[in-house]
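Here the sequence shown stands for residues 65 to 263, numbered as in my numbering.
All C-beta atoms, glycine included, are put in the ideal place defined by N, C-alpha and C.
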Amino acid sequence: MGKSRGPFRYILVHKPAGVLGDYPDPAGRQTVRDLVPLPGKLFPVGRLDARTEGLVLLTDDGKLAHYLTHPRYGFEREYVALVEGKPSEDVLRRLEEGVPLKDGLARAQHAAIIGEGTHDTTWLRLILTEGKKREVRRMLAAVGHPVRRLIRVRFGPLTLDDLEPGRWRFLRKEEVRQVWQEIRRRLSPRRRSSSNVRT
65 MGKSRGPFRY
75 ILVHKPAGVL
85 GDYPDPAGRQ
95 TVRDLVPLPG
105 KLFPVGRLDA
115 RTEGLVLLTD
125 DGKLAHYLTH
135 PRYGFEREYV
145 ALVEGKPSED
155 VLRRLEEGVP
165 LKDGLARAQH
175 AAIIGEGTHD
185 TTWLRLILTE
195 GKKREVRRML
205 AAVGHPVRRL
215 IRVRFGPLTL
225 DDLEPGRWRF
235 LRKEEVRQVW
245 QEIRRRLSPR
255 RRSSSNVRT
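Structure (structure tokens):
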């Protein structure tokens, strides 16, 4: 799997469907932490529900996790979703303009059809900058296209690439550098001190 870089650990996991994204689980069900047999405390960056597949970042770096998940910094989460039916251009526009949910407006930065599935289903690509609970599933259900399958393929500059479901790896040094470069870029317009960010 490779070696950890520096004092903090950054681990990219391809979470399969059926594995819990949060842990520990009182019922003893399998969690994403169980996929990474390493000692010490690691926590997931952001949410990914049990039915959703894809990229999960585990780390012990609370500062990096804060920057990646706080809505004000706007880090993108990219998803590929298999939905029932074929969304119209109007539906795609509604997803980008905002869909009212009980906990506020859910809006995709980008929503597009990328392919046809079987049995009257369609593959979509969606990019969001918030991580509300089951946000993608709820907004797609609200516009009449329930999700059959959902995969997170990117979080900020980090991508799954060819990592197989159930597998994990340490982030490469260059990937960690890219994340912090993106954090610095997002902090700069807000005139936040660069001394608060690691180099």
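Whether or not the region 195-205 and the region 155-172 are in contact is what I'm after, with contact meaning three or more pairs of Cβ atoms, one per stretch, closer than 8 Å; do they touch?
yes
Which runs of the alpha helix (DSSP H) fall wholly inside the region 186-259 and span at least 4 residues, in chain order?
199-206, 237-251
With DSSP collapsed to three states, give me the class of GLN174.
The sequence given here places His at residue 174; Gln does not occur at that position. Strand, per DSSP.
Coarse secondary structure for THR133, derived from DSSP in three states
helix
Could you pull out every residue in the same chain whose Cβ sits closer than 6 Å to the Cβ of GLN94, ignoring the five residues on either side in sequence?
VAL83
What is the DSSP secondary structure of ARG73, counted as helix, strand or coil?
coil
Apply the 10 Å Cβ neighbour rule to PRO118 and answer buried if 16 or more other Cβ atoms are within range, or exposed otherwise.
With the sequence shown as reference, residue 118 is identified as Gly, and Pro is not the correct amino acid for it. GLY118 comes out buried.
Continuous alpha helix (DSSP H) stretch holding GLU161: start and end:
153-161
Please determine, among LEU165, TRP187, THR182, GLY220, the residue with the shortest C-alpha to C-alpha distance to ARG198.
LEU165
Return the CA-CA distance between GLU153 and GLN242, expressed in angstroms with no decimal places.
35 Å
Nearest residue (CA-CA) to VAL211, options LYS150, PHE107, LEU121
LYS150
Which of the three DSSP states, helix, strand or coil, is assigned to VAL96?
helix
Across the region 178-195 and the region 229-239, are there enough close Cβ pairs to call them in contact, namely three or more that are closer than 8 Å?
no
DSSP puts LYS79 in a beta bridge; with which residues?
GLY118
Span of the beta strand (DSSP E) around ARG111:
Premise fails: ARG111 is in no beta strand (DSSP E) and is neither H nor E.
Residues in the same chain with beta-carbon distance under 8 Å from VAL207, minus the five sequence neighbours each way, listed in chain order, please.
PRO151, VAL155, ARG158, LEU159, VAL163
State the Cα-Cα distance for the pair PHE234 and GLY126, rounded to the nearest angstrom.
17 Å
When the distance is taken between beta carbons, is TRP232 closer than 7 Å to VAL109?
no
Hey, how far is the Cα of ALA145 from the Cα of ILE177?
10 Å
Name the two residues that bound the continuous beta strand (DSSP E) containing LEU146.
141-148
Is LEU128 helix, strand or coil when you go by DSSP?
helix
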